[in-house]
Ligand code: 6GU
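In the numbering used here, the protein residues as written are 26 to 257.
This is the structure:
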């Protein structure tokens, strides 16, 4: 999978070199390229923003650098196999990011992330981007970040770890939170007693049926308590 990220803060993405995703990049499973939006500015100050038409607080990212960046980074209208690239703009005004979206995007060949800053990007950029690929405005949740970088990082990790081979043991992907619409059951390891706290005896019983039933009950109980919205 090839992922291109356009940002005015390329250094945010230095951490993609460490941990599991860094290993996947070195193994050739993930080809992640980070681009500085300012490389597509035309003036001495490398300006990427201006005041909003109609007035209001803050600055808006101008369309020109974004247009040139998208022209350079998005591979024509289709990839080598005829698939349209997906162009993700992280935005608090987007649709909520979910495990289902991560799974869907992990099956695509080409992803482009456009990271906006300030009060947003000139709306015409999204319209233009739709001529180059499949545009998605995606939010991490109902709170505001200063820009799309941290959100893009979270999405790249959630998507990248689902690419076959990135996570060594594929079994560890199926039993985790959100994969079956429920929160994950609690986990324990040795020692069996720690600071006066015992591991639930059923987990030491060797009874696989009883363990599976207990874990399911724990999943339901936790989901009811913490995320009742997932059950409705
Ligand atoms: Cl994707 N971007 C920004 N700037 N803030 C957010 C977000 C995204 N998701 C939640 N808050």
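Note that CB positions come from ideal geometry on N, CA and C, so glycine has one too.
So is the beta-carbon of residue i under 7 Å away from any non-hydrogen atom of ligand 1?
| i | result |
| --- | --- |
| residue 92 | no |
| residue 130 | no |
| residue 168 | yes |
| residue 116 | yes |
| residue 176 | yes |
| residue 228 | no |
| residue 55 | no |
| residue 197 | no |
| residue 28 | no |
| residue 164 | yes |
| residue 83 | no |
| residue 173 | yes |
| residue 67 | no |
| residue 119 | yes |
Around the Cβ of residue i, are there at least 16 other Cβ atoms within 10 angstroms (buried) or fewer (exposed)?
| i | result |
| --- | --- |
| residue 219 | exposed |
| residue 145 | buried |
| residue 29 | buried |
| residue 169 | exposed |
| residue 235 | exposed |
Considering only residues of the same chain and omitting the five flanking positions on each side of residue i, which have a CB-CB separation below 8 Å?
| i | result |
| --- | --- |
| residue 87 | 72, 73, 74, 75 and 147 |
| residue 249 | 256 |
| residue 47 | 41 |
| residue 179 | 122 and 165 |
If you drop the 5 nearest sequence neighbours on each side, which residues of the same chain put their C-beta closer than 7 Å to that of residue i?
| i | result |
| --- | --- |
| residue 206 | 255 |
| residue 202 | 208 and 209 |
| residue 240 | 210 |
Going along the chain, which residues of its own chain have a beta-carbon closer than 6 Å to the beta-carbon of residue i, five neighbours each way excluded?
| i | result |
| --- | --- |
| residue 139 | 31 and 114 |
| residue 112 | 137, 154, 158 and 160 |
| residue 247 | 208 |
| residue 34 | 174 |
| residue 59 | 30, 35 and 38 |
Are the segment 126–141 and the segment 170–184 touching by the rule of at least three beta carbon pairs closer than 8 Å?
-> They touch, by the three-pair rule.
Unbroken stretches of the beta strand (DSSP E), 3 residues or longer, contained in the segment 84–138 | Fully enclosed beta strand (DSSP E) runs of 3 or longer: 111–121.
Can you list the alpha helix (DSSP H) stretches of 4 or more residues lying completely in the segment 166–207, in chain order?
-> List check, alpha helix (DSSP H) in window: 174–185 and 196–199.
With contact counted as at least three CB pairs below 8 Å, one residue from each stretch, are the segment 227–246 and the segment 87–103 in contact?
-> The segment 227–246 vs the segment 87–103: no contact.
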